[in-house]
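Asker:
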């Protein structure tokens, strides 16, 4: 649920030591919007510390959470590659530190650094795979099973992610999530 990519984080940290002017480090306090939905992005981001949520706000005002980004996760790479407006918004769920790479430098790194290119290709492929499996699982299993799976994988989840975001991630109402938690006798994960 909280995706990480420590190999990419280690690699980009090494690149930054050698190339400080191209890669900046920024802190975003909890609740800060890092990326706005339907805006042009000038940067690609890699989470250094913290947790951020990536979500799409539908026309009816409801949020659909794509995923949660932990250390080493990249976002803005799709927009950098296809030069389109951002599909989702990204907000810091905790105090979050990110590496920020200008789009032109990101594209240059992809062209000139085969190892970096491979990391980004693997990250994109991993996102596609993860989303396909997650959506299939959430569609094919009852909410009770999905909540039990999250409880098992992330015992301290509610300490980091609000219930409303967990409900949005599962594609259920907050009321349904609370009912399942209440019936299982576990108000906390």
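Residue numbers (the UniProt record's numbering): 1 to 189. Note that the Cβ used here is the ideal one computed from N, Cα and C, for glycine as well.
#1: With a 10 Å radius around its C-beta and 16 neighbouring C-beta atoms as the bar for buried, classify residue 129 as buried or exposed.
#2: Taking 8 Å as the threshold (C-beta atoms), are residue 44 and residue 2 in contact?
#3: Can we say the region 20-30 touches the region 154-172, given the rule of at least three CB pairs closer than 8 Å?
#4: Go ahead and pull the three-state DSSP assignment for residue 63.
#5: Mind checking residue 85: buried by the 16 CB within 10 Å criterion, or exposed?
#6: What is the residue span of the alpha helix (DSSP H) that residue 86 lies within?
#7: For the candidate residues 72, 63, 109, whose alpha-carbon lies nearest to that of residue 87?
#8: With which residues is residue 92 paired in a DSSP beta bridge?
#9: Buried or exposed for residue 189, going by 16 or more other Cβ atoms inside 10 Å?
#10: When DSSP labels each residue in this structure, what does residue 182 get in the three-state scheme?
#11: For residue 180 and residue 133, I'd like the C-alpha separation in whole angstroms.
#12: Using a threshold of 7 Å, is the CB atom of residue 95 nearer than that to any non-hydrogen atom of the ligand NAP?
#13: Residue 41 to residue 184, Cα distance in whole Å?
#14: Please return the same chain residues whose Cβ sits closer than 6 Å to the Cβ of residue 104, not counting the five positions on each side in sequence.
Answerer: Concretely, from the data shown:
#1: exposed
#2: no
#3: no
#4: strand
#5: exposed
#6: Run containing residue 86: none; DSSP gives neither H nor E here.
#7: 63
#8: 52
#9: For residue 189, the pLDDT reaches just 45, beneath the cut-off of 50, and the residue's location in the model is therefore unreliable, leaving the point undetermined.
#10: helix
#11: 22 Å
#12: With respect to the ligand NAP, the structure shown offers nothing to examine, as it has no ligands at all.
#13: 43 Å
#14: none
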